[in-house]
Each structure stands twice: as structure tokens, then as C-alpha cells.
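Peer 1: The listed protein sequences correspond, in order, to chains Y, P and Z.
For the first sequence, the numbering used here gives the first residue as 1, with consecutive numbering after it.
For the second sequence, the numbering used here gives the first residue as 1001, with consecutive numbering after it.
For the third sequence, the numbering used here gives the first residue as 2001, with consecutive numbering after it.
From the three backbone atoms N, C-alpha and C, an ideal C-beta is built for every residue, glycine too.
After the C-alpha cells below, expect a handful of questions from me.
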Amino acid sequence: MISPQPGRTPDLTYELEFKNIHKKFGDLWACKNISLKIKKNSIHALIGENGAGKSTLLKILFGFYYPDQGEIVFQQQALQSMNPDLALKMGLGMVQQHFTLSPEMSVLDHLILTRPPGSVFLSRPKILNKFEMLAGQWELKVPFLKKVGELSVGEQQKVELLGLLIQNVSVFIFDEPTAVLSPEDSEIFFQQILKLKNAGKTIILVTHKLKEVLKWCDEYSLLSQGQMVQSGPTNLENFDSLSAKLLKNVKIDRAESLCSDLDTRPLLTYKREFSKSGDLKFQIFAGQIVGVCGVEGNGQEEILTDLVESNRNMALTWKKISIQSLNNDQRRDLGIGYLPSDRLKQGLILSADVIENALLADDRSWNFFSFGFLRRKNVREFLKKIFYEFQIVPANWKLPLSSFSGGNQQKFLVAKELQKKIQLLVAPHPTRGVDLQSAEKIHSSFYDFKNAGGSVLVISSDLEELMKLSNRILVIFNRQIVGELKNPDWDEKKLGRLMSGGVK
Amino acid sequence: MKGLLGFIFGLGLSLILVSVLGENPIHILQIFYNSVFATQYDLATTLFTMTSLIFTGLSVAVAFHAGLFNIGAEGQLLMGSLGMAISGLLLPNLILPYSFLWALVLGLCLGGFWGFIPGYLKSRWGGHEVIVTMMLNFIAAGIVNYFVIDVFQNREVQTPETIPLTKEFLLSSFTHGIFPRTPVNASFLFAVLFCFLFYVLIYHTRWGFQLRSVGKNPEASKFYGVPYQKIQIQAFVLAGFLAAFVGVNEVLGFSGRLRLGFSSDLGFLGVAVAMMASGHPIGILASSFLFAFLLKGSLDLDLETQTITKDFARVIQALVLLSVIGFTQFPFKLPGFKSGK
Amino acid sequence: MENSAFLLILFSTLRLSTPLLLAGLGGLICEKSGIVQLALEAYLLAGALVAAIVTYWTGHPFFGLFAAAFSGLLLAAVQGFFIIRLKSEPVMTGIAMNILILGLCPLITKALFDSTGSTPSLPAEQILRHSPLILAYFLLFVFYIIYRHTLWGLLIQFCGQKPEVLVVKGFSPALVQWASIFISGLIASLGGATLSISLSSGYSPMISAGRGYIALACVILGNWTPLGLLFSCLFFGSMEAIQIFIQSSGWQVSLNWIQLIPYAVTLFAVALRRPILSFLPRLQSLLTR
């Protein structure tokens, strides 16, 4: 196992340099005089909130946009008229946060597409051999014949990485690589990155996970609101000032409730037998935030589906009454609120404006409709209220929801649910893809809800978030609850071990 | 607006084609204009066609909003018309108002049923509504053929049509028609009224909102408890009802019988009408008039010129349709026929 | 007696399913690359008409075939322009094309032959006997090989599933789709040619009667696989063969209802596709990819 050695870069020349990059979209500065230097053979972290300019900068690098001013120097050569194909040929490769992979096609098929053989007919066994050897050189183990859709997120990421390696990329850029990885997979990922670095490659990581930056990266650059704020080697002194800078403008009210079980009788109980080796069961009490943590695919989806839809194969009780055969509408009437796990697909009508989205699962008490007819005024009043509370500032109410930032979208969904008279909020990945400020607002709204007597069930693979929010954490592995920890008995190591199946 | 551009472009293209065949385009345009505005009779006939197009246009539009393709308006209107035409032959001794109501109910039920089939098959079994409705069009044509020719044929005439209904069943028992001795009748007023009613229904009621959310994002609708399967079926049945109203216009309002071939392409043109108006009921008022104008004009071209025939009229309609399609970006995200789904 | 009836129906099935197979193959190629193909009726009609006309003029059915293929390419250019370039709605485009060709055909026959919609009858020497069948199966086989074992096939698969992957790897989905639609149109119109210069002796107005839609249904029923397409086409071909057999054997069943059989069967098949597939898991595994 290779351990990280921060700050040690053997080659002093700069591989990539952004010089005074300016880019404006209309009146909005996406990049204002950004100058950035990336040393060859280093692991460089690009940090900053959503809209800070990171993605625009990278888009300019790959030729999707042209800078208004400034230039980019790659391997001591100024870049002219860049386009994505040229970038790849020159050795610049990027792994996006949302992979460009087709779930129904196999890994091998994707790699064939990446480096097509010269012959007319594909001799799959020969090609497989070739790729296996290549992958072996980098110690990358990938199930070549499986369909991409059947792979875990970590494995999919390896496929993307292998695709870049096949094309002799020398500068690897990863966008939020560990956003959806478990601690174990993240560790594997960083080990892989180190191997790349030791082989002479340069790596840029776009991330907001400061602990990882501190542990694995050599240098960092902090961007905010289109400008370069700070950059340098990663060490502890910089770390604290970094956190402070990232979390400015956020007021957090973290008054904890003193006792976590307001009522000794459970609000919600869930039990389902998936296999002979045991049941999946847990209880939620009033006035607490319960976190369910685990690697994706260990039963979280099933829990969510059972909580949302009716299913006779399980036992679900709400205040001691069985509700497993009730449908979603009826459960909502009982006081259970739901956040969608995929807000783009399940939570929002992206092509519709915010008024229409507010109509989805409205509460009768809001009087959006009277005698079946829409009352637009009531909807507007409602929206004004929640926008103010949650600091949602859309440019124009008539715009479709697709133009809202991820943070605003999620805040909108959370606000809508919390306005209802609910006692339990089911919240899967509540801050996935959400900028830090919005995430803080969502977390504080959960606190307020809890302090008022409500409960929240947070299902997430983001350990930091779970440890911050929860009163209790349930660890799920292989469709069973393998551990239940109370604040403050937990730490990352314990949770990580439980999540990967180790015994407490 | 883009739809209008498409329409004009298509018309222009047709004019070019027509002049290539040797006709004077100005002369052609004159015929077009006269076909609608020359006499009261012309205007009335145009409005008569417009009425039917409003009904089929609304039928298709309602389905569009729910994310469904109703290509079956042709079959639905045929079944509706059949029901109305034979209602009097099944129960001839009814008197007003029961007679008219009976005709209406029978026709609407048949049309609604013809809409229910694809709605049910799509929402419960995932059957592609385009193929299902297409097949139902053919089957409806066959059924109507049988009933008109083999069962209820009017022996006294040469043309394939049913025995006429008695006066009690006709719309004119209620009204004297807007323009006397013309085809247009009170159904026209119904049609216009429906446009406004459906505007309110689709954009200002809870059901209408649910309909549109099912069309725009069925997953989110499902997540938030909108009964999207029920709504899909309701939308299709409603579409069937609307298409069946063509029968009110043709059978109960005008001819009092079912004439084979009266409806040529009304169903498909309904799709054109709905597309051009982007599914908006008020827009359908305009697009249905334009297409009625096109239909009447091209039929008159057949009568008044040597070179242009009924088939050519169809070509003109198809050209205009293609132009409208080319100019408009379809506003509804309809689920594609993705492989393996 | 029984035996010969069975053989008769069998051979009839093979011949009658040929146009469906060709049109269906065209539809399959299009669908696989992500284009919804509803204009098969137009290709069939155009191919039938052009093949009949050119065969009549030249006296050689092979010229008719070539001409039909060319007409298919022409139509494909139009369809491609709308769907790929203008990004128009594919279903409506297909149906509009069907209406257009439906209207054009009688005009052309009137202009060329002054007839009510049919082309002059072709003598027996100018009718193709077995070549369309061989051609259809050959093309199906070639497509299968290309689809599974060449880079082109991979490109088509990715294009239909997730075109973004092609873009990222430096390929153009639009190009792949253009190629697909041209090939598709070519093959589908050959199916039309089969109708007029193999199964009949000329073009007549009701020569297709919705076969374009039935061909698409075959594609769907076969779960978008070449093997499935083959089975569905054979099935529908057998329906038609049985229908003709019943008619010619003089049973007293109304012509009207007999003619509705293919539509009704298509309806049921499309409606019950999912339950059928889920009840026969082995069938399902045969019909994947």
C-alpha cells in the first residue's frame, strides 16, 4: 500500500498554466482574471462552490468555450483553437461526474469504441486479450464482459479511467470523483491516482472534500465567484482557513435538542425479510434524525421503494398501525413526507415553471385549487414565503425549473415538503449535487424540523453529512442493519468498516 | 406562430408545384380564396369541415398533453358516427329529446370505447399506442364497411350509405342551422365552445394539471401520487369522445346517415391541426380554420381545374403537413420507441 | 390433401413474408440507431410503384429492383432531412410521408398510364420468382454479421442507446443515423418492389394496405432483434397465407372479416407483447440485444 506524501513534487516545470483567463456570459463573470499553475506530476485540487468558475475554466481548456481574454499554456506551448478531439489527442482527458457510459453495452464494447481496431471484423477474444494486458499494466481490474449498467459506481469510474489510459492521456481531470463513492472505494480510487502520479502523469481533482484534499493532494487552488482566491501546497495551516473561506455567508443554527427520544413509542417501524439470514428492520422515533449509511446497492433502494409504494411483503407501521398496503397518497395523508432520490427524474418537471412544480403533491390546506380550479394567487403567495425562508433567488419565475441551480432545486423540494403537516421526512441523498451554501440551509431546516418534534430519515453515502446531522446512524450492508451507533460513539473508521461488512 | 409559417411555406410549395403543372398560381390562389369566401354556401361548408377538424384536433391535443399519440381519431370518429347513424335504426320509435340523446350516447360510447382500448393497452400493458390505434383505424373501417353495406344499406340509392334517420334524431330538430340549407349546423357552436372549455380544463383545473404533468414527467407524477395510469386511460377515452363528436356534426347535424368515405383523412388532419397549435385549444380554433380552408380549397381545385385531382389535394395536404412538422419543434416529450422497451 | 395444403401454406408463408421481412429489416436498422421509423408504408408504396413502372418500361425486373432501391434512397434523404437535420418529430414525419406517397402514386399512374391507379400488368417472364426471398434472407444475414461483429454495428448500437458516448469518443451520431436511414430506405423499398413485381404482376392501389405498419409491429414484437423480426414476419406471413387459403377454398366467410385478420392479430400481438415475453423466459433470452 502506498501512503501519500503531500507536497513532494519531483519536477518543477509547469504542465498546465491558465494565464489571466476572462470569460463573461452576458453580464455575468464566469471567470475573472484567473491565473492558475499546475505542476507536472502533481495531484492538484481545484476547490470552489458551484458557480465559482471551475467548470467554465475546464470547458475553456477543452475548447467548448473561447476565453474573452487570456491564454492557456500546455507543456510549454500556448494552445490555439482548441476542440475536444484535439484536447484528447494532446493528452488531456477528463472523467465527468456523470459518466458517459451506455448501461446496456458492455465494458469491452465501450473500450472498442475508444480505440477501434484496424480490421473490419471485430475479433472479440483478441481484443479482450489486448485490453486485459493494458489494464494489467495499470493494475486496474475491470469486468470486461459485463454490461456497464451492472457495475458499481466505483467500477464504472475505472472504466472511464481505463478509457483515458488507453488513449495515452497525460493530464487526468476528475470532476467530483468521490461524490458517490464509499470510503473504501474512495481509498481505492486515491491509490490508483497515486499510481498514475508515480508513473509520471499529472492529475487535477475538482472536489469540495477538504479532508481528502489534505490527505492526498499536493497542491490546491481555491476559486470563488469567478476569481482565484488562494492557491498553494496543502498543509494543515491552509486547511482551516480554507474551510472558513468556503463556508462564509452561511448562518447555521445548530441548537441541538437535549433528548433524542421525545416519545418512547416508535413513530415508524419497518421490517422485511430479504433472505434467510435475517430481517432488515429499524425503528424511528419522534424528534430525531436517523441516518442510514451504506454503500449504494446494499438495500437502500428497497427501503425507499417500500416506504414510498405499497408492498405486502413487508411490515410497516406508523404509530402502531399497519400501513404497508396503503398507497403513496394515503401515506402522505398520514403525515409522511418524501424527497425524491433522483430530483431531476422524480421530483421536478424540468420543462415547467416553478408555479406548476409547486402544484405537484400540493397539500389541500394550501388552497391551490378551489372546486378543481387553479388559484394562481395562492400559489404565488406560498412560493414567496418559501423562497424567502430558504433564500431561493431565481432570476425569473417564468423560467423552467431546468434553469434553477441544483441547490435551488433541492431547496425548493425540501421547502415544499416541510411546509406540509408532516411528522416524518424521508430524505434520500438530500444534498447530492448541491452547493455548500444550499446544503447548509437544508441541514439547518432539518434541525429546525427536528427541534419542533419532527423526524427525518436520511439515507446517504456521505458520511460527513450523516455524522453531522444524525442522532442515530444505522449502517446497512447486504440488506441488513449491521450496526446502530449513537452520537457521539461513531467515527469514520468504524462506520467504514461496518459499511464494507466488517463486524463491529 | 412557427406553425403558421410552416403552413404558409407548405402552401407556397404547393403553389409552385401546381404552377409547374401548368396552372397559373394567381388563378389557383383565387380559387382558394373563393372556395371559402365567395358565397355563403362556401363559407358554411368550410365552417362545417372546420367543426370536424376542431373535434379531431382537440381529440389529438388532449392525448398529446398526456404524452400519448392519438393517431386513432379516424377510427374513433368512424365508430362514433356509426353509433349515431344506427341508433335510429335500432330504436326508431323514440321521440325527442330521448331520440337525440340516445343517438348521442350510443355514438359517444362507441367512440369512447375505441379510445379506451389503446388507453388501456398502453397504460396497463405498455402496448404502443401508435400501432394499436393504426390497427384500430383499419378495423373500424372494416366494421363500418360491414354495417353500412351489408346491414343498413339504403337500397334506394347507389351510393354506399345507411338508411337515413328520422327527424327526431337530428340536430336540426333543435335548431334551424346557422346558415339554412348548408351543411354547417349547431355542432359548430359546440366545437367553438369546446375549445374554450378545454382551454379551461387543461390549463386551469387540477385534472388538467395532472394530465400535463403525466405528459411532461410521468415518473415525477407517479412519485407525487398522481394516478398516471388512470389519467392516461381517461385522456384516451376523452379523446375518443371528442373524435366521436364528428358524428354529431356529420350524421346528426348534416346528412342524417352514415356515408361511406365522408371522413377521408379527418383523423390525420386532426393531428396536423393539433401540432400546428402546439396542443393549445384556442390555437386549434385558428389551425382548424386554416386546414378547413386548405381542404375546401384543394377540393375546389379538383372541381375547377383539369390538372388537379382529389389525389393531388391529398398531396397538397401532405406537403403542408410536412412543412408544419418541419417548422415546429414538437413541444411534447413523447416516449420514444426505444429498443427493448 | 391435408399434406399438400400444409405445404402450400408453408411456401406461401415464405413468399408472403418477404416484403414484411425487407420492410421490417429497414425498420429495424433505423430503430436500432435511434430513429423511429413510421414511414415504411411510404417506402413500400414507392418501391412497388417504381419497380412496376421501370420493369414495364425496360422489360427486366432487375432494373425495376434497382430503380426501387434508388427511390428508397431518395425518400430516405427527405426523411433524414426532417428527422436528423431539422430534428422534427419522427412519428408525425413518418405518417406525413405515408400520406404524401399515398397521394402521389395515383397521380403518377394517371400521368404515365392514364389509369385509375394501377400500372399495366406485367407478363410472367418479368415477374421475379425466388430472388426476393433469397435477397431478403441474405440481407438479414449480412445485417446480423455487421451488427454483431463489426465496428459499424457497435456504432449503431451506441447511437440508439446513448449517442453521447459516440460524441465523446469522436464519432458523429448524425452520420451514423444518416447511414442507417439510407440503408433502411433502400431495403424497405426493395420490399415494396417485391410486392409489385414478385407477389403480383404490377402496382395497384391497395397493394400494401398497411403492411408498413405491420412491418413495424413485427420489429417491436421481435423485441428489436433480427431473429425476432424473422419469427414475427413468418408469423404474419402465415396469417396472410391462411387467409388466402381460406378465401380460395371457398369457405363461406365474409371477405370483409377475413381482411381484418392481420390487423386484429397485430393489435393483439402488440398489446400482449410484454406479458408474452415475461411468460417465456427462454424466448426472452433468445431475443435480447
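(1) Looking at the structure shown, is P:F1289 part of a helix, part of a strand, or coil, going by DSSP?
(2) Going by DSSP, what residues sit across from Z:L2086 in a beta bridge?
(3) Going by alpha carbons, who is nearest to P:L1096 out of P:F1152, P:K1167, P:L1005 and P:Q1040?
(4) One question on the structure: do Z:P2132 and Z:S2198 come within less than 8 Å of each other, judged by their Cβ atoms?
(5) Have a look at the DSSP bridge pairing and note the partners of Y:W29.
(6) Exposed or buried, Y:I252, counting other C-beta atoms within 10 Å across all chains shown (16 or more means buried)?
(7) Counting only beta-carbon atoms, is Z:H2060 nearer than 8 Å to chain Y?
(8) Just the chain Z side, please: which residues come within less than 7 Å of Y:P116 by C-beta, in chain order?
(9) Taking Y:E528 as the reference, which of Y:M133, Y:P117, Y:V171 and Y:G118 has the closest Cα?
(10) So is Y:H98 buried or exposed if we call it buried at 16+ other beta carbons inside 10 Å?
(11) Contact check, Z:I2099 vs P:F1138 under 8 Å by CB: the rounded distance?
(12) Between the C-alpha atoms of Z:I2035 and Y:S370, what's the straight-line distance to the nearest angstrom?
(13) Check the Cβ-Cβ distances between Z:P2163 and every residue of chain P, and say whether any is below 8 Å.
(14) According to DSSP, simplified to helix, strand and coil, what is P:H1204?
(15) Does DSSP put Y:Q230 in a helix, a strand or coil?
(16) Taking the C-alpha atoms as reference points, what is the distance between P:T1305 and Z:S2278?
(17) Going by Cα to Cα distance, which pick from Y:P177, Y:W29, Y:Q157 and Y:E389 is closest to Y:Q225?
(18) Leaving out five residues before and five after Z:L2272 in sequence, what residues of the same chain have Cβ atoms less than 8 Å from its Cβ?
(19) What runs of the beta strand (DSSP E), each 3 residues or longer, lie entirely inside the region 322-351 of chain Y?
(20) Can you tell me the Cα-Cα spacing of P:L1260 and P:P1160, whole angstroms?
(21) Do you know whose CA, among Z:W2057, Z:S2189 and Z:I2127, lies nearest Z:R2211's CA?
(22) Taking its Cβ as the centre, do 16 or more other Cβ atoms sit within 10 Å of Y:K535, making it buried, or is it exposed?
(23) So is Z:V2168 in contact with chain Y if we call contact Cβ pairs under 8 Å?
(24) Buried or exposed: which applies to Y:S455, given that a residue is buried once 16 or more other Cβ atoms fall within 10 Å of its Cβ?
(25) What residues of chain Z sit near Y:I112, judged by a beta carbon separation below 8 Å?
(26) Is Y:W397 buried or exposed, if buried means 16 or more other CB atoms sit within 10 Å of its CB?
(27) Any Cβ of chain Y within less than 8 Å of the Cβ of P:R1124?
(28) Any beta carbon from chain Y within less than 8 Å of P:K1341's own beta carbon?
(29) In the DSSP assignment, what residue or residues form a beta bridge with Y:R472?
(30) Around the C-beta of Z:H2130, are 16 or more other C-beta atoms found within 10 angstroms, so that it is buried, or is it exposed?
(31) From what residue to what residue does the beta strand (DSSP E) around P:V1226 run?
(32) For chain Y, find out if any of its Cβ atoms is closer than 8 Å to the Cβ of Z:F2158; answer yes or no.
(33) Nearest CA to the CA of Z:I2095: which residue from Z:Q2037, Z:A2051, Z:G2024 and Z:F2245?
(34) Pull up the distance between the alpha-carbon of P:F1291 and that of P:M1135, whole angstroms please.
(35) Distance cutoff 8 Å, beta carbons only. Does Y:F121 sit that close to anything in chain Z?
(36) Output the distance between the C-alpha atoms of Z:L2025 and Z:F2143, rounded to the nearest integer angstrom.
Peer 2: Straight from the coordinates:
(1) Here residue 1289 of chain P corresponds to residue number 289 of the second sequence, with the count starting at 1. Helix at P:F1289.
(2) For the purposes of this step, residue 2086 of chain Z is taken as the residue at position 86 of the third sequence. Per DSSP, none; premise fails for Z:L2086.
(3) Residue numbering aside, residue 1096 of chain P sits at position 96 when the second sequence is read from its first letter. For the residues P:F1152, P:K1167, P:L1005 and P:Q1040, the minimum Cα distance to P:L1096 belongs to P:K1167.
(4) One-based indexing of the third sequence puts residue 2132 of chain Z at position 132. One-based indexing of the third sequence puts residue 2198 of chain Z at position 198. Yes, Cβ-Cβ distance for Z:P2132 and Z:S2198 is below 8 Å.
(5) Taking the first sequence and counting its residues from 1, the one referred to as residue 29 of chain Y is at position 29. Paired residues: Y:K24.
(6) Your numbering for residue 252 of chain Y matches position 252 in the first sequence. At Y:I252, the pLDDT of 39 sits below 50, so the modelled position is not reliable; the number obtained from the coordinates is stated separately. Result: exposed.
(7) Looking up residue 2060 of chain Z in the third sequence gives position 60. It does not; no Cβ of chain Y falls within 8 Å.
(8) Counting from 1 along the first sequence, the entry for residue 116 of chain Y is found at position 116. Result: L2151.
(9) Any answer about residue 528 of chain Y is impossible in this case: the structure gives chain Y only from 1 up to 504.
(10) Taking the first sequence and counting its residues from 1, one reaches residue 98 of chain Y at position 98. Here Y:H98 is exposed, its C-beta having fewer than 16 other C-beta atoms within 10 Å.
(11) The residue given as residue 2099 of chain Z occupies position 99 in the third sequence. The residue given as residue 1138 of chain P occupies position 138 in the second sequence. 15 Å between Cβ atoms; not a contact.
(12) Start at 1 with the first residue of the third sequence, and residue 2035 of chain Z comes out as number 35. Start at 1 with the first residue of the first sequence, and residue 370 of chain Y comes out as number 370. Each residue's Cα considered, the two are about 44 Å apart.
(13) Along the third sequence, read from residue 1 onward, the residue named residue 2163 of chain Z stands at position 163. Judged by the 8 Å Cβ criterion, Z:P2163 is not in contact with chain P.
(14) Here the question's residue 1204 of chain P lines up with position 204 in the second sequence. It is helical.
(15) Here residue 230 of chain Y refers to the residue found at position 230 when the first sequence is read from its first residue. DSSP places Y:Q230 in strand when its eight states are reduced to three.
(16) Start at 1 with the first residue of the second sequence, and residue 1305 of chain P comes out as number 305. Start at 1 with the first residue of the third sequence, and residue 2278 of chain Z comes out as number 278. So the alpha carbons of these two residues sit roughly 58 Å apart.
(17) Taking the first residue of the first sequence as position 1, residue 225 of chain Y is located at position 225. Nearest option by C-alpha distance: Y:W29.
(18) Residue numbering aside, residue 2272 of chain Z sits at position 272 when the third sequence is read from its first letter. Same-chain partners within the cutoff: there are none.
(19) 336-338
(20) Reading the second sequence from its first residue, position 260 is the one you call residue 1260 of chain P. Reading the second sequence from its first residue, position 160 is the one you call residue 1160 of chain P. Distance between the alpha carbons of P:L1260 and P:P1160 is about 6 Å.
(21) Here residue 2211 of chain Z refers to the residue found at position 211 when the third sequence is read from its first residue. When each option's Cα is compared against that of Z:R2211, the closest is Z:S2189.
(22) Residue coverage of chain Y in this structure runs from 1 to 504, which leaves residue 535 of chain Y outside it and unanswerable.
(23) What you label residue 2168 of chain Z is simply residue 168 of the third sequence in a count that begins at 1. Cβ-Cβ to chain Y under 8 Å: yes for Z:V2168.
(24) Reading the first sequence from its first residue, position 455 is the one you call residue 455 of chain Y. That one is buried.
(25) Looking up residue 112 of chain Y in the first sequence gives position 112. Correct list: L2151 and L2154.
(26) Numbered from 1 along the first sequence, position 397 holds the residue referred to as residue 397 of chain Y. The residue in question, Y:W397, is exposed, as its Cβ has fewer than 16 Cβ neighbours within 10 Å.
(27) Taking the first residue of the second sequence as 1, we reach residue 1124 of chain P at position 124. Taking Cβ atoms only, chain Y never reaches closer than 8 Å to P:R1124, which makes this a no.
(28) Here residue 1341 of chain P corresponds to residue number 341 of the second sequence, with the count starting at 1. Its pLDDT being 32, under 50, P:K1341 is placed unreliably in this model, and the value from its coordinates should be taken loosely. It does not: the Cβ of P:K1341 has no partner Cβ on chain Y nearer than 8 Å.
(29) For the purposes of this step, residue 472 of chain Y is taken as the residue at position 472 of the first sequence. Y:V290 and Y:K486, per the DSSP bridge assignment.
(30) In the third sequence, the residue the question calls residue 2130 of chain Z occupies position 130. So Z:H2130 ends up on the exposed side.
(31) The sequence position of residue 1226 of chain P within the second sequence is 226, counting from 1. Where P:V1226 is concerned, there is no enclosing beta strand (DSSP E), given that its DSSP letter is neither H nor E.
(32) Stepping through the third sequence from its first residue, residue 2158 of chain Z is reached at position 158. Yes - at least one Cβ of chain Y is within 8 Å of the one on Z:F2158.
(33) Start at 1 with the first residue of the third sequence, and residue 2095 of chain Z comes out as number 95. Out of Z:Q2037, Z:A2051, Z:G2024 and Z:F2245, Z:Q2037 has the C-alpha closest to the C-alpha of Z:I2095.
(34) Stepping through the second sequence from its first residue, residue 1291 of chain P is reached at position 291. Stepping through the second sequence from its first residue, residue 1135 of chain P is reached at position 135. Separation of P:F1291 and P:M1135 (C-alpha to C-alpha, rounded to the nearest whole angstrom) is 25 Å.
(35) Numbered from its first residue, the first sequence carries residue 121 of chain Y at position 121. It does; some Cβ of chain Z falls within 8 Å.
(36) Here residue 2025 of chain Z refers to the residue found at position 25 when the third sequence is read from its first residue. Here residue 2143 of chain Z refers to the residue found at position 143 when the third sequence is read from its first residue. Straight-line Cα distance between these residues: approximately 9 Å.
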